[in-house]
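2 protein chains.
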Amino acid sequence: MEMKDMVIISVDDHISEPPDMFKNHLSGEALETAPKLLKDENGKDVWHYQGQTFASVALNAVVGRPFEEYGMEPTSLDQLREGVYDVHERVKDMDVNGVAASLNFGSVFDFAGGRLHRVPDKKLATTHISAYNDWHIDEWCGAYPGRFIPCAILPTWDMAATIAELKRVSDKGCHTISISENPTCQGLPSIHNAYWDPFYKAVNDLDMTICLHIGGGNPAPHASMETPIEAWISTMPMSIAYAASDWLQLEALHTFPDMRIALSEGSIGWVPYFTERADFSNSRHKYWTNSRFQNLKPSEMFKRHFLNCFIDDAFGLQNIQFIGEDNIAYECDYPHSDTLWPEVPEHLWPTINHLTDAQIDKITHGNAMRWFRFDPFQHYRREELTVGALREKAKAAGVDTSPKSSLGERPLAEGDVRPVTSGDIMKMFMRHEDAEQKQDA
Amino acid sequence: MEMKDMVIISVDDHISEPPDMFKNHLSGEALETAPKLLKDENGKDVWHYQGQTFASVALNAVVGRPFEEYGMEPTSLDQLREGVYDVHERVKDMDVNGVAASLNFGSVFDFAGGRLHRVPDKKLATTHISAYNDWHIDEWCGAYPGRFIPCAILPTWDMAATIAELKRVSDKGCHTISISENPTCQGLPSIHNAYWDPFYKAVNDLDMTICLHIGGGNPAPHASMETPIEAWISTMPMSIAYAASDWLQLEALHTFPDMRIALSEGSIGWVPYFTERADFSNSRHKYWTNSRFQNLKPSEMFKRHFLNCFIDDAFGLQNIQFIGEDNIAYECDYPHSDTLWPEVPEHLWPTINHLTDAQIDKITHGNAMRWFRFDPFQHYRREELTVGALREKAKAAGVDTSPKSSLGERPLAEGDVRPVTSGDIMKMFMRHEDAEQKQDA
Chain A
1 MEMKDMVIIS
11 VDDHISEPPD
21 MFKNHLSGEA
31 LETAPKLLKD
41 ENGKDVWHYQ
51 GQTFASVALN
61 AVVGRPFEEY
71 GMEPTSLDQL
81 REGVYDVHER
91 VKDMDVNGVA
101 ASLNFGSVFD
111 FAGGRLHRVP
121 DKKLATTHIS
131 AYNDWHIDEW
141 CGAYPGRFIP
151 CAILPTWDMA
161 ATIAELKRVS
171 DKGCHTISIS
181 ENPTCQGLPS
191 IHNAYWDPFY
201 KAVNDLDMTI
211 CLHIGGGNPA
221 PHASMETPIE
231 AWISTMPMSI
241 AYAASDWLQL
251 EALHTFPDMR
261 IALSEGSIGW
271 VPYFTERADF
281 SNSRHKYWTN
291 SRFQNLKPSE
301 MFKRHFLNCF
311 IDDAFGLQNI
321 QFIGEDNIAY
331 ECDYPHSDTL
341 WPEVPEHLWP
351 TINHLTDAQI
361 DKITHGNAMR
371 WFRFDPFQHY
381 RREELTVGAL
391 REKAKAAGVD
401 TSPKSSLGER
411 PLAEGDVRPV
421 TSGDIMKMFM
431 RHEDAEQKQD
441 A
Chain B
1 MEMKDMVIIS
11 VDDHISEPPD
21 MFKNHLSGEA
31 LETAPKLLKD
41 ENGKDVWHYQ
51 GQTFASVALN
61 AVVGRPFEEY
71 GMEPTSLDQL
81 REGVYDVHER
91 VKDMDVNGVA
101 ASLNFGSVFD
111 FAGGRLHRVP
121 DKKLATTHIS
131 AYNDWHIDEW
141 CGAYPGRFIP
151 CAILPTWDMA
161 ATIAELKRVS
171 DKGCHTISIS
181 ENPTCQGLPS
191 IHNAYWDPFY
201 KAVNDLDMTI
211 CLHIGGGNPA
221 PHASMETPIE
231 AWISTMPMSI
241 AYAASDWLQL
251 EALHTFPDMR
261 IALSEGSIGW
271 VPYFTERADF
281 SNSRHKYWTN
291 SRFQNLKPSE
301 MFKRHFLNCF
311 IDDAFGLQNI
321 QFIGEDNIAY
331 ECDYPHSDTL
341 WPEVPEHLWP
351 TINHLTDAQI
361 DKITHGNAMR
371 WFRFDPFQHY
381 RREELTVGAL
391 REKAKAAGVD
401 TSPKSSLGER
411 PLAEGDVRPV
421 TSGDIMKMFM
431 RHEDAEQKQD
441 A
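Quick note, the sequences are listed as chains A and B, same order. Per UniProt numbering, residue 1 is the first one in the first sequence, and the count goes up by one each step. Per UniProt numbering, residue 1 is the first one in the second sequence, and the count goes up by one each step.
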């Protein structure tokens, strides 16, 4: 195999939704009360919903910018590449990057619907979640069958509504849902509580896959407000380990041996240590803890149930025998700052070309297909979805990937020479998300 | 080399101090007001100090028990192996385990003196820290020169007193200090604050080593009170990564290229991922963050300043080229539940015997000697400190290592069949540490 022969499915990208997202999926009162994207007095796009405001764009949606203009500042759609909010432009950006298919998380309600736990009218929120899912599944993913893995969100504060929505999106052909990795952060019972039993059963009965995306519940720890932001950024993916450890102890994994959980944006290089340590702890503590792991080891359970997802992880890919070649999937993270767009193939290939063709196929797309019950080859022949074929198409379409300056200035003052801190970013974030933060306080 | 030829230095063990620890180091009022170890109405040993009570023994000091009696329950010295609090018995336990030398953290004031940040009379606490250090350095470590690496604690709430104590213990031959990995958890300024500048300078001028032990500041995250305790136990060591990421950004590392920081009980298998990720984040963000890493990479800085310490870490030891063979040291964690006493050589040898003799020497003792400025060979010839030689000595002394039942019952009720949770342990801990917890609330 050569670089151009890879078929790449990315299991983690993002959308900043366009202002007209609800118009084809709601009418009357429900449309009137849906989130509205409005420019504020500073020219920032802000979603208004149930008396609250949400930042309009995925913070850090910096794809296509010069590195000097990275940061938390893009705050309106016109500062972003069109592919961030327009599916037709998105597909072109996938083509030029050699990405055959993509799973997209939303922004308006957060990766896992987290923002809706704070709004006052939960019935209304349930209606708008369904409309979001309809837009996401039918309008965004439906525009290019075989190019997108649909991923729904759920009104998890209402278990009956959650089960109903699971069935509804399943009937529409959506086999993946995104929920918070730690619902106690949203005031709900923990994942070990009987509250979630109907959810686990329905996910199993409907053969669906659960995505736990970093930042969807547990805050990624940062030591202090004076901690340089690079310290915080670099430990964010690995923070999913606490959720992984929690979910690994779930009783439902013993009840439902086919349950599938993707640790979205969790990265992979720490996984061999994590599972070795879980086995070690179990071997020494299972005698007094009433552990569920008396015969099966935690590491075996981890391989049976968890998909590990990476953006750029050379060390992890040197050690796939400790992770499982059936447990690893690629992700692009377009349009966030980690994304290697438009040069994903150039970065990915050197980190996997020591593997066999069969292993490369699994990691680039085969595992994604199996874990997410998704088959692009129902719509395309393999040779149409390779890096080489997609880039030929992009070339013919004239996709421009040159860095675009959209901000015109550094996000921080010129005179500022100390490193940007976690506190700086928290303050910036709070300016964007005033109502949201006030509600939290 | 064979297993019996290893010389093992452990850079992380623990002491539960005996009741008479202060009597040779204080007199009069200072002795009268020192912590007192008293049995409570339930037969538990509790330290009383400045109106507060502290659990007497390192919770989880379970060495030498049957696995069935592990847990958080040992609460008095008579439930423990004598080696936990008696230095003469400790040296026998080291001998039988083939451990040549050991760095011990204290319990009465916490690994890093954390408990003293809550007591009302800080001047008095400063006096008692000095007495603790005198006992630790002169009486415990001094009893067997060449067998212990002394490690002092500091009154970090008072920078002048901290600098004075650093100089005082340095004059006594102590070259290592233990502080909280995140002083903001104790109400002090962050490590990036100018408050700490005199400390970094003194540590550099005195050529001392800083230990950051897990649990000394940042709480190890656990998802919920219903999370089985095994989930929490297994992620505790890796939680040091947040401190590592924070300290890696420290300006003082650029000012003092010889500063040495040990990540005590942090383990090693996650480190290659961590440093690769730090470089990746830096490469994409340094243009807008005023990063201190413009030329030097974070991974290079990490190797220059951080010692990584492991108990049982086969995967990490397969990958030492990514960590640095000069950056890894062994730890035994006697008497805590992770300890592999009395079979450390049997567990350690298979995980390192693929390495060269020179690498094995570095990891088993050479790195510990260099990072902690400690030289047991001033007191013993190498052939006196090997696993084989020490075990011969223990055999002659008749050290008994057979598991001792000291509790007589399971820590949890017989009828309880669900896994022990984080909440169960928190409740148990709060019963032991009533005053401490009330003070926190």
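Positions of the beta carbon are idealized from the N, C-alpha and C atoms, including for glycine. The model shown is predicted, which means the values in this text are computed figures rather than measured ones.
- Message: Buried or exposed for B:Q378, going by 16 or more other Cβ atoms inside 10 Å?
- Response: With fewer than 16 other Cβ atoms within 10 Å, it is exposed.
- What does a CB cutoff of less than 6 Å around B:R391 pick up in its chain, not counting 5 residues either side in sequence? G98
- Apart from the five residues on each side of it in sequence, which residues of its chain come closer than 6 Å, Cβ to Cβ, to B:L116? F109, A125
- Task: Could you tell me whether the Cβ of B:S178 comes closer than 9 Å to any Cβ of chain A?
- Result: no
- Query: Is the beta carbon of B:G106 sitting closer than 9 Å to the one on B:I153?
  - Reply: Cβ distance < 9 Å, so B:G106 and B:I153 count as in contact.
- Quick one: Cα of B:M6 to Cα of B:I360, how far? Taking the straight line joining both Cα atoms gives about 8 Å.
- Query: Can you tell me the Cα-Cα spacing of B:S130 and B:A396, whole angstroms?
  - Reply: Using only the alpha carbons, I get a separation of about 38 Å.
- Task: Below 8 Å on the Cβ atoms is my guess for A:F274 versus A:A244; work out the distance and round it to an integer in Å.
- Result: 7 Å
- Message: Assuming B:K404 and B:R65 are in contact, meaning their beta carbons sit under 8 Å apart, how far apart are those beta carbons, in whole angstroms?
- Response: So it is a contact: roughly 7 Å between Cβ atoms.
- Message: Going by DSSP in three states, A:H25 sits in which element: helix, strand or coil?
- Response: In the displayed model, A:H25 falls within coil according to three-state DSSP, outside both helix and strand.
- Task: Determine the closest residue to residue 474 of chain A out of A:D12, A:E2, A:K4, with distance taken between C-alpha atoms.
- Result: Residue coverage of chain A in this structure runs from 1 to 441, which leaves residue 474 of chain A outside it and unanswerable.
- Message: Does the segment 227-243 of chain A come into contact with the segment 197-212 of chain B, if we say contact requires no fewer than three beta-carbon pairs (one atom in each stretch) closer than 8 Å?
- Response: no
- Task: Report the rounded CA-to-CA distance for B:D424 versus B:P257, giving the unit in angstroms.
- Result: Cα to Cα, B:D424 sits roughly 45 Å from B:P257.
- Message: Would you call the segment 206-223 of chain A in contact with the segment 187-196 of chain A, where contact means no fewer than 3 C-beta pairs closer than 8 Å?
- Response: no
- Message: For a cutoff of 9 Å on Cβ pairs, would you count B:Q439 as touching chain A?
- Response: Confidence at B:Q439 is low in this model, with a pLDDT of 40, below 50, so the placement of that residue should be treated as unreliable; the coordinate-derived value is given next. No, no contact with chain A.
- Item | Per-residue contacts from A:S281 into chain B (C-beta, under 7 Å) | E230, I233, S234
- So what does B:A55 bridge to, in DSSP terms? In DSSP, B:A55 forms a bridge with B:V46.
- Quick one: does B:I81 have its CB under 9 Å from some CB of chain A? For clarity, residue 81 of chain B is Arg in the given sequence; the question names Ile instead. Look at B:R81: its C-beta is not under 9 Å from any C-beta on chain A.
- Can at least three beta-carbon pairs, one atom from the segment 23-33 of chain B and one from the segment 349-364 of chain B, be found at a separation below 8 Å? no
- Query: By a C-beta neighbour count over all protein chains shown, 10 Å radius and 16 as the cutoff for buried, is B:Q249 buried or exposed?
  - Reply: Buried is the call here.
- Buried or exposed: where does A:R147 fall if 16 or more other Cβ atoms within 10 Å of its Cβ makes it buried? buried
- Item | Nearest residue (CA-CA) to B:I323, options B:I229, B:H305, B:P145 | Measuring from the Cα of B:I323, the nearest candidate turns out to be B:H305.
- Message: Beta-carbon within less than 8 Å of A:A389's beta-carbon, same chain only, minus the 5 sequence neighbours each way: which residues are those?
- Response: E383
- Task: Mind checking which residues open and close the alpha helix (DSSP H) that includes residue 450 of chain B?
- Result: Any answer about residue 450 of chain B is impossible in this case: the structure gives chain B only from 1 up to 441.
- Query: Pick from A:Y85, A:M21, A:D40: whose alpha carbon is nearest that of A:P335?
  - Reply: Proximity to A:P335 across A:Y85, A:M21, A:D40 peaks at A:Y85, based on C-alpha coordinates.
- Item | 9 Å Cβ cutoff met for B:G217 and B:G269 | no
- Item | Three-way DSSP call (helix, strand, coil) for A:D357 in this model | helix
- Item | beta-carbon B:H192 near the ligand HEM non-hydrogen atom, thresh 8 Å | Inclusion of the ligand HEM in the displayed structure is not the case, the ligand content being empty and no account of it being possible.
- Could you name the residues of the same chain whose beta carbon sits closer than 6 Å to that of A:Q44, not counting the 5 residues immediately before and after it, in chain order? Reading the sequence as shown, one finds Lys at residue 44 of chain A and not Gln. The residues are T75, S76.
- What are the complete alpha helix (DSSP H) segments, minimum 4 residues, inside the segment 345-408 of chain A? 357-361, 367-371, 387-397
- Message: Determine whether the beta carbon atoms of A:D313 and A:S267 lie at a separation below 9 Å.
- Response: yes
- Among A:S27, A:V62, A:W140, A:M3, which one has its Cα closest to the Cα of A:E17? Taking only the C-alpha atoms, the option nearest A:E17 is A:W140.
- Message: Please list the terminal residues of the continuous beta strand (DSSP E) segment that includes A:N290.
- Response: Run containing A:N290: none; DSSP gives neither H nor E here.
- Query: With a CB to CB cut of under 6 Å and the five nearest residues on each side skipped, what residues in its chain are close to residue 448 of chain B?
  - Reply: A question about residue 448 of chain B goes unanswered here, because the residues of chain B that appear run from 1 up to 441.
- Item | Any C-beta of chain B under 9 Å from that of A:R370 | Residue-level contact by beta carbon fails for A:R370 and chain B, as no gap is shorter than 9 Å.
- Query: Starting from A:L124 and walking both ways along the alpha helix (DSSP H), at which residues does that stretch end?
  - Reply: 122-134
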